[in-house]
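Q: Using my numbering, the first residue of the sequence shown is number 1, and each one after it goes up by one.
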Amino acid sequence: MPRDSFNREIDYLRISITDRCNLRCVYCMPLEGLRFLPNPELLTPKEIERVVRAAVSIGFRKFRLTGGEPTLRLDLLEIVARLAAVPGVGELALTTNALMLDKLAAPLKAAGLARINVHLDSLNPATVERQMRWGAFDRIWRGVMAAEAAGLTPIKLNAVVAAGYNEGDVIDLARLTLERQWHVRFIELMPLGGGECASLSIKRYVSNIETRRRIEAELGALAELPSANPADEARNYRLADAPGVIGFISPVSEPYCGSCNRMRLTADGKFHLCLLNDDELDVRAALRSGNGDGGIAAVAGILARAVAIKPTGHHLLEGRSTRDRSMYQIGG
Ligand code: SAM
Ligand code: SF4
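Next comes the structure, spelled out in structure tokens:
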């Protein structure tokens, strides 16, 4: 397994396949001034497969497709089928806003996807409309149901908590775990990429200490669960007698850089070394160089170097992170 210079085992690649989205969450994408990657700049399904073959060859085992909104790629099923068929791919998952899952959940499962994380900030349709913008709660909910019916389980819901938007809605979200074997996870806002979304993320930040207090005041004590996976970015808890799990992802109030196991690939073919830093290494040129093996050996070399120079630590507490890319351009 590849280890970085801080002795962290890095075996998880998060692959962004588009920077486009069918929502405009207030902390992620502004309504105006967006410029998306032209199609020729996106990695093709074959190129993504070659990156994954390279990653597996140096010890990566876990892969996740993200975006932007990954279900907007018309060739998503081909991408999933190609990656699922690569020997050595241990786990293949997807992060999505679920708007398209109603139709896609069953074909995704059939193509080899193991599970999904769904981003949903509230069970209140009016809050979803205001916070995720263009967000139709009913359609997202139908998508989640379709995913569960298709066996893309365990269902994990991710809610980003923003003051003045959904901080009170965390209770209804947490209550879901009393009825279902789902994981409901609360994420602290991070300011990425400068601009209005980064400013909002600073201004509307809610600590998970506060979110946890709010949930416990209403639903009772949370019991901490032993960590099944030390690299899990969530700290997990359970309400008394609940089948589901409540997780807190707290990059600001409780940074987890020390156990980070991730590398990221952007939709335009760069290894992005850390979510909260700008450092990148290009892989697209190697993939398109015309080498006999499709650049796989060269990409494996670039990825090994990316792991070796992966940074640690961030400046979220000072309200700073990336300069160049926003969340929708990295993939979360
Ligand atoms: N569109 C998909 C979705 O929303 O799940 C995948 C991409 S999205 C960029 C991945 C994750 O980033 C989502 O769970 C979203 O909530 C999170 N996210 C976006 N902007 C954020 C911010 N400013 N702070 C914290 N999380 C953020
Ligand atoms: Fe789209 Fe996901 Fe960003 Fe929301 S968080 S705007 S769904 S990419």
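Yeah, the Cβ is synthetic: ideal placement off N, Cα and C, and Gly gets one too.
Taking 8 Å as the cut-off, is the CB of histidine 183 close to at least one heavy atom of the ligand SAM?
A: Answer for histidine 183: no, Cβ out of range of the ligand SAM.
Q: Does any heavy atom of the ligand SAM sit closer than 8 Å to the C-beta of isoleucine 246?
A: It does not: the Cβ of isoleucine 246 is nowhere closer than 8 Å to a heavy atom of the ligand SAM.
Q: Which residues mark the beginning and the end of the alpha helix (DSSP H) in which glycine 301 is found?
A: Where glycine 301 is concerned, the enclosing alpha helix (DSSP H) stretches over 296 to 308.
Q: DSSP three-state call for aspartate 282: helix, strand or coil?
A: Note: aspartate 282 maps to strand in three-state DSSP.
Q: Does any heavy atom of the ligand SF4 sit closer than 8 Å to the C-beta of glutamate 129?
A: Flag unset: Cβ of glutamate 129 not near the ligand SF4.
Q: To the nearest angstrom, how far is it from the Cα of glycine 88 to the Cα of alanine 163?
A: Those two C-alpha atoms are separated by around 43 Å.
Q: Going by C-alpha to C-alpha distance, which of Ala81, Leu200 and Leu94 sits closest to asparagine 158?
A: When only C-alpha atoms are compared, the closest one is Leu94.
Q: Within a Cβ cutoff of 7 Å, which residues of the same chain sit near proline 251, ignoring the five residues on either side of it in sequence?
A: Only Glu188, Met190 and Leu316 meet the Cβ criterion.
Q: Can serine 201 be considered in contact with the ligand SAM, in the sense that its beta carbon sits closer than 8 Å to one or more heavy atoms?
A: Yes; taking the cut-off as 8 Å, the Cβ of serine 201 has a heavy atom of the ligand SAM nearer than that.
Q: Comparing C-alpha positions only, which one of Leu239, Arg204 and Ala308 sits nearest to arginine 213?
A: That would be Leu239, whose Cα lies nearest to the Cα of arginine 213.
Q: Leaving out the 5 sequence neighbours to the left and right, which residues in its chain are closer than 6 Å to glutamate 47 when beta-carbon positions are compared?
A: Cβ within range, chain order: Leu287.
Q: On the CB-based measure, 16 or more other CB atoms within 10 Å of its CB, does leucine 173 come out buried or exposed?
A: Buried is the call here.
Q: Would you say the beta carbon of histidine 119 is closer than 8 Å to some non-hydrogen atom of the ligand SF4?
A: Answer for histidine 119: yes, Cβ within range of the ligand SF4.
Q: Going along the chain, which unbroken runs of the alpha helix (DSSP H) with 4 or more residues stay wholly within the segment 182 to 211?
A: Correct list: 195 to 203.
Q: Measure the alpha-carbon distance for leucine 99 versus glycine 258 and round it to whole angstroms.
A: Taking the straight line joining both Cα atoms gives about 34 Å.
Q: Looking at proline 2: is its Cβ nearer than 9 Å to the Cβ of phenylalanine 63?
A: No, they are not a contact pair.
Q: With glutamate 47 as the anchor, note down where its alpha helix (DSSP H) starts and where it stops.
A: Taken as a continuous stretch (DSSP letters only), the alpha helix (DSSP H) holding glutamate 47 covers 45 to 57.
Q: Three Cβ pairs or more, each shorter than 8 Å: is that satisfied between the segment 274 to 286 and the segment 222 to 240?
A: Taking 8 Å as the limit for Cβ pairs, the verdict is that the segment 222 to 240 does not touch the segment 274 to 286.
Q: Which partner residues of threonine 96 appear in the DSSP bridge assignment?
A: DSSP output for threonine 96 lists Val118 as bridge partner(s).
Q: Take leucine 123 as the anchor and find which of Phe137, Asn117, Leu42 and Arg20 has the nearest alpha-carbon.
A: Cα-wise, what sits closest to leucine 123 is Phe137.
Q: Provide the residue(s) that pair with valine 245 in DSSP beta bridges, ordered along the chain.
A: Bridge partners of valine 245: His183.
Q: Taking arginine 142 and aspartate 102 to be in contact with their CB atoms under 8 Å, please state how far apart those CB atoms are, rounded to whole angstroms.
A: Right, the Cβ-Cβ distance comes to about 5 Å (below 8 Å), so this counts as a contact.
Q: For the ligand SAM, is there any heavy atom lying closer than 8 Å to the beta carbon of proline 30?
A: It does not: the Cβ of proline 30 is nowhere closer than 8 Å to a heavy atom of the ligand SAM.
Q: Checking the sheet assignment: what are the DSSP bridge partners for serine 227?
A: Answer is none; serine 227 lacks a bridge partner.
Q: Can you give the Cα-Cα distance for aspartate 278 and aspartate 241, rounded to whole angstroms?
A: Taking the straight line from one Cα to the other gives about 43 Å.
Q: What number of angstroms, rounded off, separates the C-alpha of isoleucine 215 from the C-alpha of threonine 177?
A: Whole-angstrom Cα-Cα distance: 12 Å.
Q: Quick one: residues in its chain with C-beta nearer than 6 Å to the C-beta of alanine 106, no 5 flanking neighbours on either side, listed in chain order?
A: Answer for alanine 106: Ala150, listed in chain order.
Q: Report all residues from its chain with a CB closer than 6 Å to the CB of tyrosine 165; omit the five preceding and five following residues, and keep chain order.
A: Counting only Cβ-Cβ distances below 6 Å, and skipping sequence neighbours, we find Gln131.
Q: Are arginine 20 and glycine 68 closer than 9 Å when you measure CB to CB?
A: Yes.
Q: The alpha helix (DSSP H) with leucine 23 in it runs from where to where?
A: From DSSP, leucine 23 is part of no alpha helix (DSSP H); its letter is neither H nor E.
Q: In whole angstroms, what separates the C-alpha of threonine 18 from that of glutamine 329?
A: If you take the alpha carbons of threonine 18 and glutamine 329, they lie about 8 Å apart.
Q: Indicate whether methionine 263 and valine 299 have their beta-carbon atoms separated by less than 9 Å.
A: In this structure, valine 299 does not lie closer than 9 Å to methionine 263 by Cβ.
Q: Within 8 Å: the Cβ of asparagine 229 and any heavy atom of the ligand SF4?
A: No, since every heavy atom of the ligand SF4 falls outside the 8 Å radius drawn around the Cβ of asparagine 229.
Q: Please return the same chain residues whose Cβ sits closer than 6 Å to the Cβ of isoleucine 10, not counting the five positions on each side in sequence.
A: The answer, listed in chain order, is Pro2, Asp4, Asn261, Met263 and Val307.
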